[in-house]
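Residue numbers (this note's numbering): 29 to 584.
For every residue, glycine included, the Cβ atom is placed at its ideal position computed from N, Cα and C.
Written below as structure tokens is the structure these notes are about.
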RNA sequence: GCCGCGGUAGUAUAGCCCGGCCAAGUAUGCGGGCCUUUCAAGCCCGUGACCCGGGUUCAAAUCCCGGCCGCGGCACCA
């Protein structure tokens, strides 16, 4: 009906005919229906296929032209970035690529008092962005652009769009809340006087809280926070020095002034930001209007939560500063660094963000969802390694060889090479996971994965008593033998598996097979029947012998 | 309280602008099966959603009104 609007007047009639035909088709046998569809209406099948093959892409950007799009990512360098910040960063980058435009990285560090920039954060953020595969074309640091903001302030004052307020803030609020802002004395000041006061501010005549520069807005705007908002305030940088510019400036622009001005000056065409900035857009527009600038297109989106993780920047910061975390990359953190340390790939994070898209609503990402995306990326390249947790020794007797070497591929797809495991006879001690004890009590015959079968004699002892049973997999199947991972005691390498669980870090101890010694830091492996883990450290003694391996559990 | 934005399965998302190809698609989760020298991967089957109530219309997830719920903002923070 959408395709044939000419039929609309006959809707009732058409509906009747359609119903008849549907009835007729349904009366045919299923096979006949299929045949008919393929023969006469193959285009229907084709169309379905095409629809299915369409890949998930971002919606088009309003008013965007290829080659002319400029986006920006503007973090506050008071901490490292986390998954929530990654959203605007990834989306901005994605749109830049989509439209062959530019991406600007801008550090918004104009509050040395309450959001004191962390000196190392600038570099941490750059590193995390690079790791995410984000490439930016220009970079700015706001604390290094103070003169620009001062020039704008002067312009606003000259045009009568702003004024200096040197009364106590309670006084301002009194006028504002009574709806008398139009009669607020500082607001009525002449341009010359404002400019003089501005110079005094810059020269340091005022202390913190004694004077601000306000932008004139609709004095009766329904949202009181928008009315004559503060664009510049005084910060005592003697007490709160800025990590980059120390105490060079005392007059500091607020977020709305600095960001608003920069977006125009840097030629930003599209702003992608979280919805807490919605009101800010409105504030900034007063500056734009005064200076006759065009406001960029803005897209707002909701918050992102990752199930089981601490997301709030302030909470993360608190834990970090309290020293209870192992660093900004603590695997319990949803920081980019934390997720990386836990074994999540940049590609998985990107896919997740693209999947969530640009909706207004908040999204609580389930951990299973992120894990599934990550799994599909790491599974083909993760070596399979056998490890046992909370190890239990098993003494296997009557082994019919002196020494046997088992060559086992690192991956069932056969593409990652293989390693050798040597088992000596006539008896050998191996370790299994304590979680497999129950299995061994229930089943007489057990297959040691990729090797041979053993018969359990006595689980009541330590070590558990067992004897060689047979070699082949077929034999194992015949006995319905469960297949478990195992580690030869002689070559067992101590393994510490760190399992993040909410705000807890559980440490499990066990052994990994000898081949684990050749693993490198950052490598992501699959601990067979346990799950994926990232190698966090391979610790050696002075002679270079591996003494301990630390792995961080990623997900199943 | 005031201002602003939303509400599709357990989770995420498509569809909403432009009403009919939607008895609502996809991914993940969950249940079952096949396959498999892993509890991984792969394959098959199943499960499960349009916040509620009215209205407009031949036809509403889609448009209109009311309600409910959630989120954001209400700083000399960003």
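Check	Outcome
Determine, using beta carbons only, whether residue 360 and residue 533 come nearer to each other than 8 Å.	yes
CB residue 482 to CB residue 496, shorter than 8 Å?	yes
Where does residue 261 fall in DSSP's three states?	strand
What is the residue span of the alpha helix (DSSP H) that residue 471 lies within?	Premise fails: residue 471 is in no alpha helix (DSSP H) and is neither H nor E.
Would you kindly report the start and end of the unbroken beta strand (DSSP E) that includes residue 522?	521 to 529
Within the chosen definition, does the segment 568 to 581 reach the segment 524 to 531 through at least 3 CB pairs nearer than 8 Å?	yes
State the DSSP-derived secondary structure class of residue 554, mapped to helix, strand or coil.	strand
My assumption, with CB atoms under 8 Å, is that residue 131 sits in contact with residue 190. Please give the rounded CB distance.	Not a contact, Cβ separation roughly 31 Å.
Could you give the DSSP three-state label for residue 348: helix, strand or coil?	helix
Give me the residue from 244, 246, 264 and 373 with the minimum Cα distance to residue 235.	264
Could you compute how far the alpha carbon of residue 253 sits from the alpha carbon of residue 37?	53 Å
Taking the alpha helix (DSSP H) that residue 309 belongs to, which residues open and close that run?	306 to 319
Within a Cβ cutoff of 7 Å, which residues of the same chain sit near residue 76, ignoring the five residues on either side of it in sequence?	With a pLDDT of only 47 at residue 76, under 50, the local geometry of the prediction cannot be trusted, and the value read off the model is given with reservation. Nothing listed; no residue qualifies.
Between residue 277 and the rest of its own chain, which residues show a CB-CB distance below 6 Å, the 5 nearest in sequence each way excluded?	174
Would you call the CB atoms of residue 416 and residue 513 closer than 8 Å?	yes
Which partner residues of residue 576 appear in the DSSP bridge assignment?	567
Quick one: grab the DSSP three-state call for residue 327.	strand
Going by DSSP, which residues form a beta bridge with residue 486?	493
In or out: residue 39 buried (at least 16 other Cβ within 10 Å) or exposed?	exposed
Cβ of residue 194 within 8 Å of Cβ of residue 214?	yes
Exposed or buried, residue 248, counting other C-beta atoms within 10 Å across all chains shown (16 or more means buried)?	exposed
On a Cα-Cα basis, can you pick out the residue from 142, 136, 568 and 161 that is closest to residue 149?	136
With a threshold of 8 Å, are at least 3 pairs of Cβ atoms found where one atom belongs to the segment 556 to 576 and the other to the segment 337 to 344?	no
Do you know offhand how far residue 349's Cα is from residue 366's?	16 Å
Taking the beta carbon of residue 537 as the centre, do at least 16 other beta carbons fall within 10 Å, making it buried, or is it exposed?	exposed
Tell whether a beta-carbon distance below 8 Å holds between residue 270 and residue 88.	no
Could you tell me the boundaries of the alpha helix (DSSP H) in which residue 89 lies?	No alpha helix (DSSP H) holds residue 89; DSSP gives it neither H nor E.
Do residue 393 and residue 379 have their beta-carbon atoms positioned less than 8 Å apart in this structure?	no
Any contact between the segment 200 to 211 and the segment 164 to 183? By contact I mean 3 or more CB pairs, one from each, below 8 Å.	no
Exposed or buried, which one is residue 410 when buried takes at least 16 other CB atoms within 10 Å?	buried
Taking residue 443 as the reference, give the member of 425, 119 and 412 with the closest Cα.	412
Determine whether the beta carbon atoms of residue 209 and residue 275 lie at a separation below 8 Å.	no
Taking a contact to mean a Cβ-Cβ separation below 8 Å, would you say residue 436 touches residue 449 in this structure?	yes
When we look at the beta-carbon of residue 83 and count the other beta-carbons within 10 Å, is it buried (16 or more) or exposed?	Caution is warranted here: a pLDDT of 48 is assigned to residue 83, below 50, making its placement in the model unreliable, and the coordinate value is therefore given only provisionally. Residue 83 comes out exposed.
Can you tell me which of 125, 171, 153 and 163 puts its alpha carbon nearest to the alpha carbon of residue 138?	171
Helix, strand or coil for residue 583 per DSSP?	strand
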